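Peer 1: Heads up: the sequence shown at position 134 corresponds to 134 in full-length UniProt numbering, and the numbers run straight through without jumps. Below you'll find the structure I mean.
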Amino acid sequence: MLRPPDSRPDETLTSHRRPRNLAAAVARFSARHRATAIIGWLLFVVAATALSAVIGTVGAEDSDYGNGESKRAEQIIDAAGFPERAGEMVIVQSSTLTADSAEFQNVVRETASAVEATGQVENINTDAVSEDGHSALVTFDMKGDPETAVDRVDPVLDAVAGVQGKHSDLVVAQTGEVSIDKAIESQVSGALGTLSMLSLPVTLGILLVAFGALLAAVIPLGLAITAFLASLGLLAASSRFFPADDTVTHLMLLMGLAVGVDYCIFYIRREREERANGASPEQALATAAATSGRSILISAFTVIIAMAGMFLTQDVTFISLAVGTILVVAVAALGSLTVLPAVLSKLGDKVDLGRIPGLYQRKSNGGFWRFVLRVVLRRPGVSAALAAAALVALALPALGMRPASDGIEGVKHDEAAIQTYDRVQAAFPAAPTPPPS
1 MLRPPDSRPD ETLTSHRRPR NLAAAVARFS ARHRATAIIG WLLFVVAATA
51 LSAVIGTVGA EDSDYGNGES KRAEQIIDAA GFPERAGEMV IVQSSTLTAD
101 SAEFQNVVRE TASAVEATGQ VENINTDAVS EDGHSALVTF DMKGDPETAV
151 DRVDPVLDAV AGVQGKHSDL VVAQTGEVSI DKAIESQVSG ALGTLSMLSL
201 PVTLGILLVA FGALLAAVIP LGLAITAFLA SLGLLAASSR FFPADDTVTH
251 LMLLMGLAVG VDYCIFYIRR EREERANGAS PEQALATAAA TSGRSILISA
301 FTVIIAMAGM FLTQDVTFIS LAVGTILVVA VAALGSLTVL PAVLSKLGDK
351 VDLGRIPGLY QRKSNGGFWR FVLRVVLRRP GVSAALAAAA LVALALPALG
401 MRPASDGIEG VKHDEAAIQT YDRVQAAFPA APTPPPS
C-alpha cells in the first residue's frame, strides 16, 4: 500500500536514511552525541596545549639550515665537536681622539671591564685599531651555548650602553652575530606579532558583517583559535622529527584563522540558507553536512597535499612551515566536521543571537557574485580562458624570481646593532661578517 505524501518521514540527520559521504556521517554522529563531541573537542585542545607546555618545541639550529654541500659541511663540523663561538664586538670611535691617546685608551679599558663584569663573556681582546687610528674594537665571545646566547646578551648590551652614557663625545656601540640576531628576531617577531594581533579583531569585524549576528560571528573565531592551540601541541611532538622554525607559529595562527573561519562560513551559511528556505533545523544541518561538510573535507585534503610539496625542498624552513600548516589545517577541518555540527545542533536558531541591525540577513540574494555567476555560466569557455589568462599574468613575475638569503643586507638598518655593524665595516673593512639569519 502506498504511503500518503503528507505522512512520509523527514529525511533528517536522525532519520533511517543514512548520509552518503564521510563528512555527513561524522556530522550525524556529532549531532546525536552533542555532549560527547563538544567535550571531546575541548579535552583534545586542552591535552594538546598541555603537551606543548610539558615537552616544549624543538627549534631548528644553525646546522639544520642550508642546502647541499654547505649544509653537509655545517653538519660535519657540528658532529666533529669543534667549539662554536658566538662572537661579539664593541667599537670605540672618536672623530677627534686617536687610539693612542690616554682618554681613548681609558674608554677602551672601561668597556672591556664593563662587559667582563657581566660574567657572560670570555676571550676579551682590545688590540684591533683602525688604519686611521680613530676606531678600536673590543672583541669577545659569549659564554655558554651559542644557540642560546641571544637570551643572555642583554646584560652585555646594557653594560656597553652604560659606558656610552658616560662618554657622549665618543661612540661606544656593540654589534656581532648575537646582537644582530637579536635585532633581526625583534624586527621579525614584532612585525608578525602585530600582524597576528591585528588579524583577530579584523577577522571578527569581517564575520560580523558577513553574518550580521554576534554569536554566529564568534563561533568561527572560537573554532579557529582552539584549532590553533591544539595544533601547537601537535607541533611540539612533530618537532622531534622536523625542527620548528621561529616563524612557524605566526603562520599557523594566520592559517588557522583563514581555514577555520572559511570552513565555518561554508557550514553556517548553508545551514542558515536551508532554514530560510523552510527546512527544519535537523534537515538544514543534514544538508549542510552533506554538501558544505564534503567541500571542507576536499578543501582540507587539497591544502594538505599542496603544502606537502614543500618537503621536496629539503629546506628546514619550508619543511617547518609545511608541517605547521598541515597540522593546523587538519585540526581545523576535524573541528569543522565534528564539534561545529554539534554546536549548531545544540544552538538551532539561537545561532543568530545578537543580531546587528542593518547587517543581519538570513537569506542572501547573491548581489554582485550572483551577477558574476550568471555571466560565467552563460559563457563558460570564455570565462575559463579569461581566468586562466589572469592567473598566468599574475604568475609571470615569478619567472624572474631568484630566491636567496641575502643575510643582513636584506634587513632594515634602523636597529642599533645593524647600524653599528655598518660603522664597523666602514672602519674595519676586513671585519668578520655575521652569517645570514
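Backbone N, C-alpha and C define an ideal beta-carbon position, used for all residues, glycine too. Keep in mind that this is a model prediction, so the values were computed, not measured.
#1: Alpha carbon to alpha carbon, how far is residue 329 from residue 256?
#2: List the whole-angstrom C-beta distance separating residue 113 from residue 233, where the pair is believed to meet the contact cut-off of C-beta under 8 Å.
#3: Curious, which full-length alpha helix (DSSP H) runs of at least 4 residues does the stretch 316-370 contain?
#4: For residue 123, which residues from the same chain have a beta carbon less than 7 Å from its beta carbon, with the 5 sequence-adjacent residues on both sides left out?
#5: Decide if residue 160 is buried, meaning its Cβ has at least 16 other Cβ atoms within 10 Å, or exposed.
#6: Nearest to residue 311 by alpha carbon, out of 243, 99, 148, 43?
#7: Less than 8 Å between the beta carbons of residue 149 and residue 178, yes or no?
#8: Terminal residues of the continuous beta strand (DSSP E) containing residue 140?
#9: Using the Cβ count rule (16 or more neighbours within 10 Å means buried), how would you classify residue 92?
#10: Could you spell out where the alpha helix (DSSP H) holding residue 119 opens and where it closes?
#11: Can you tell me which of 174, 49, 83 puts its alpha carbon nearest to the alpha carbon of residue 423?
#12: In terms of DSSP beta bridges, what is residue 88 paired with?
#13: List the DSSP bridge partners of residue 93.
#14: Could you compute how far the alpha carbon of residue 421 sits from the alpha carbon of residue 339?
#15: With a cut-off of 8 Å on the beta carbons, I'd call residue 219 and residue 392 a contact; round off their distance for me.
#16: Could you say which of 108, 75, 332, 73 lies nearest to residue 262 if we only look at CA atoms?
#17: Between the stretch 202-218 and the stretch 143-158, do three or more beta carbon pairs fall short of 8 Å?
#18: Beta-carbon within less than 7 Å of residue 240's beta-carbon, same chain only, minus the 5 sequence neighbours each way: which residues are those?
#19: Which residue's Cα is closest to the Cα of residue 254: 32, 326, 299?
#20: Which runs of the alpha helix (DSSP H) at least 4 residues long sit entirely within the stretch 22-56? Give them in chain order.
#21: Check the DSSP bridge columns for residue 129 and list the partner residues they point to.
#22: Let me check one thing: in DSSP terms, what residues is residue 213 bridge-paired to?
#23: Residue 374: buried (16+ other C-beta within 10 angstroms of its C-beta) or exposed?
#24: Short of 6 Å in beta carbon distance, which residues of its chain neighbour residue 163, apart from the five on each side in sequence? Order them along the chain.
#25: Using 10 angstroms around the beta-carbon of residue 357, count the other beta-carbons present and answer buried if the total reaches 16, otherwise exposed.
#26: Taking only beta-carbon positions, decide if residue 28 is within less than 8 Å of chain B.
#27: By DSSP, does residue 244 sit in helix, in strand, or in coil?
#28: Give every residue of the same chain whose Cβ lies closer than 7 Å to the Cβ of residue 3, excluding the five residues on either side of it in the sequence, and list them in chain order.
#29: With DSSP collapsed to three states, give me the class of residue 260.
#30: Roughly how many whole angstroms lie between the Cα atoms of residue 75 and residue 399?
#31: Find the nearest neighbour of residue 23 within the set 370, 301, 418, 426, judged by alpha-carbon distance.
#32: If I'm right that residue 275 touches residue 281 with Cβ under 8 Å, what's the distance once you round it to whole angstroms?
#33: Could you please give the first and the last residue of the uninterrupted alpha helix (DSSP H) stretch that includes residue 307?
#34: Can you tell me whether residue 278 is helix, strand or coil according to DSSP?
#35: Going by CA-CA distance only, name the one from 323, 299, 296 that's closest to residue 309.
#36: Expressed to the nearest angstrom, what Euclidean distance is found between the alpha-carbon atoms of residue 509 and residue 25?
Peer 2: In short:
#1: Translated into positions along the sequence shown, residue 329 becomes position 329. Translated into positions along the sequence shown, residue 256 becomes position 256. Using only the alpha carbons, I get a separation of about 7 Å.
#2: Start at 1 with the first residue of the sequence shown, and residue 113 comes out as number 113. Start at 1 with the first residue of the sequence shown, and residue 233 comes out as number 233. About 47 Å; that fails the 8 Å criterion.
#3: 316-337, 339-347
#4: Counted from its first residue, the sequence shown places residue 123 at position 123. The residues are 140, 141.
#5: As a position in the sequence shown, residue 160 is number 160, starting the count at 1. With 16 or more Cβ atoms within 10 Å of its Cβ, residue 160 is classed as buried.
#6: Reading the sequence shown from its first residue, position 311 is the one you call residue 311. When each option's Cα is compared against that of residue 311, the closest is 243.
#7: Looking up residue 149 in the sequence shown gives position 149. Looking up residue 178 in the sequence shown gives position 178. Yes. Within cutoff.
#8: Numbered from its first residue, the sequence shown carries residue 140 at position 140. Per DSSP, residue 140 belongs to the beta strand (DSSP E) from 135-142.
#9: Position 92 of the sequence shown holds residue 92. Classification of residue 92: buried, given that the 10 Å Cβ count is 16 or more.
#10: Here residue 119 refers to the residue found at position 119 of the sequence shown. Neither: residue 119 is in no alpha helix (DSSP H) and is coded neither H nor E.
#11: Residue numbering aside, residue 423 sits at position 423 when the sequence shown is read from its first letter. Cα-wise, what sits closest to residue 423 is 174.
#12: Looking up residue 88 in the sequence shown gives position 88. Answer by DSSP bridge pairing, in chain order: 140, 176.
#13: Mapped onto the sequence shown, residue 93 falls at position 93. Partner(s): 135, 171.
#14: Here the question's residue 421 lines up with position 421 in the sequence shown. Here the question's residue 339 lines up with position 339 in the sequence shown. Cα to Cα, residue 421 sits roughly 53 Å from residue 339.
#15: Mapped onto the sequence shown, residue 219 falls at position 219. Mapped onto the sequence shown, residue 392 falls at position 392. The pair is not a contact, with the Cβ atoms about 38 Å apart (cut-off 8 Å).
#16: Position 262 of the sequence shown, counted from the start, is the residue given in the question as residue 262. For residue 262, the nearest C-alpha among the options comes from 332.
#17: no
#18: Within the sequence shown, the letter at position 240 stands for residue 240. Around residue 240: 58.
#19: The residue given as residue 254 occupies position 254 in the sequence shown. Of the candidates 32, 326, 299, the one whose C-alpha sits nearest the C-alpha of residue 254 is 326.
#20: 22-32, 34-55
#21: Locating residue 129 in the sequence shown gives position 129, counting from the first residue. DSSP output for residue 129 lists 136 as bridge partner(s).
#22: As a working note, residue 213 is residue 213 in the sequence shown. Residue 213 is bridged to 355.
#23: Within the sequence shown, numbered from 1, the residue matching residue 374 stands at position 374. By the neighbour-count rule (16 or more Cβ atoms within 10 Å), residue 374 is not buried but exposed.
#24: Your numbering for residue 163 matches position 163 in the sequence shown. Excluding residues within five positions, the ones whose Cβ falls inside 6 Å are 110, 111, 114, 172.
#25: Within the sequence shown, the letter at position 357 stands for residue 357. Answer is exposed; the Cβ neighbour count stays below 16.
#26: The chain inventory of the structure shown lacks chain B, comprising one protein chain alone.
#27: Position 244 of the sequence shown, counted from the start, is the residue given in the question as residue 244. Of the three classes helix, strand and coil, the one that applies to residue 244 here is strand, per DSSP.
#28: As a working mapping, residue 3 is identified with position 3 in the sequence shown. At residue 3, the pLDDT of 43 sits below 50, so the modelled position is not reliable; the number obtained from the coordinates is stated separately. Result list for residue 3: empty, nothing under 7 Å.
#29: Taking the first residue of the sequence shown as 1, we reach residue 260 at position 260. Of the three classes helix, strand and coil, the one that applies to residue 260 here is helix, per DSSP.
#30: Here residue 75 corresponds to residue number 75 of the sequence shown, with the count starting at 1. Here residue 399 corresponds to residue number 399 of the sequence shown, with the count starting at 1. Rounded to the nearest angstrom, the two C-alpha atoms are 32 Å apart.
#31: For the purposes of this step, residue 23 is identified with residue 23 of the sequence shown, where counting begins at 1. Nearest option by C-alpha distance: 301.
#32: Here residue 275 corresponds to residue number 275 of the sequence shown, with the count starting at 1. Here residue 281 corresponds to residue number 281 of the sequence shown, with the count starting at 1. Indeed, because the Cβ distance is near 7 Å, the residues count as touching under 8 Å.
#33: Stepping through the sequence shown from its first residue, residue 307 is reached at position 307. Residue 307 -> alpha helix (DSSP H) spans 281-308.
#34: Residue numbering aside, residue 278 sits at position 278 when the sequence shown is read from its first letter. Looking at residue 278 - three-state DSSP - the assignment turns out to be coil, as it is neither helix nor strand.
#35: Within the sequence shown, numbered from 1, the residue matching residue 309 stands at position 309. The candidate whose alpha carbon is nearest that of residue 309 is 323.
#36: There is simply no residue 509 to check, as the chain begins at 1 and stops at 437 in what is shown.
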